[in-house]
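Here is the structure we will look at, set down as structure tokens.
Below is the structure:
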């Protein structure tokens with residue numbers, strides 16, 4: 003099972019960085035060939051929405067663009083919803099791996115969803131976080 007981090011989604015919309023945008027789009031396209039093998043953690047969708055709303059505030063996107071992007075994102079892959087089990091799991095991950103609060107919650111969500119590979123540029127490429135391996139698709 004795979005998951006993608008917020009940065010992958012954001013880069014897929016980011017016309018200011020065409021190289022990373024293309025890499026993100028290619029990864030999402032490749033993963034969407036087998037959509038049941040990838041999940042979108044709820045946190046990723048929410049963080050993406052926050053970023054895109056900031057772009058609206060800066061004039062980079064229109065509100066209708068954000069609405070369309072989020073509608074597109076929401077049907078790409080199944081969404082992994084949070085549970086209360088993620089809290090103690092994330093606390094353990096933080097202490098074992100010296101992760102930030104948000105990174106530990108994301109990895110806890112991935113563990114709960116049986117994700118083996120998390121595509122993210124924010125974590126160490128190839129690093130193992132319990133049962134989840136981080137892969138930087140932009141490295």
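Numbering (this note's numbering), first residue to last: 3 to 141. The C-beta atom is built at its ideal place from N, Cα and C for all residues, glycine as well.
* Check each candidate in 33, 132, 62 and name the one with the smallest Cα separation from residue 106. => Residue 106 sits at position 104 when you count from the first residue of the chain shown. Out of 33, 132, 62, the CA that lies nearest to the CA of residue 106 is found in 132.
Task: Sequence-distant residues of its chain with Cβ nearer than 7 Å to residue 110 (five each side left out) - done: What you label residue 110 is simply residue 108 of the chain shown in a count that begins at 1. Its chain contains 88, 91, 92, 95 as the residues whose beta carbon lies nearer than 7 Å to that of residue 110, once the 5 sequence neighbours on both sides are disregarded; these appear in chain order.
ask   = Going by the CB atoms, is the gap between residue 5 and residue 43 shorter than 7 Å?
value = The residue labelled residue 43 in the question sits at position 41 within the chain shown. The residue labelled residue 5 in the question sits at position 3 within the chain shown. Against a cut-off of 7 Å, the Cβ pair of residue 5 and residue 43 comes out as a contact.
Legend entry - Where residue 138 sits in the DSSP three-state scheme: Working through the chain shown from its first residue, we reach residue 138 at position 136. Three-state result, residue 138: coil.
Pair within 7 Å by beta-carbon distance, residue 125 and residue 136: One-based indexing of the chain shown puts residue 125 at position 123. One-based indexing of the chain shown puts residue 136 at position 134. Taking 7 Å as the Cβ cut-off, residue 125 and residue 136 qualify as a contacting pair.
Practice task
Measure from the C-beta of residue 42 to each C-beta in chain B and report whether the shortest distance is under 7 Å.
Solution key: Included in the structure is just one protein chain, with no chain B present.
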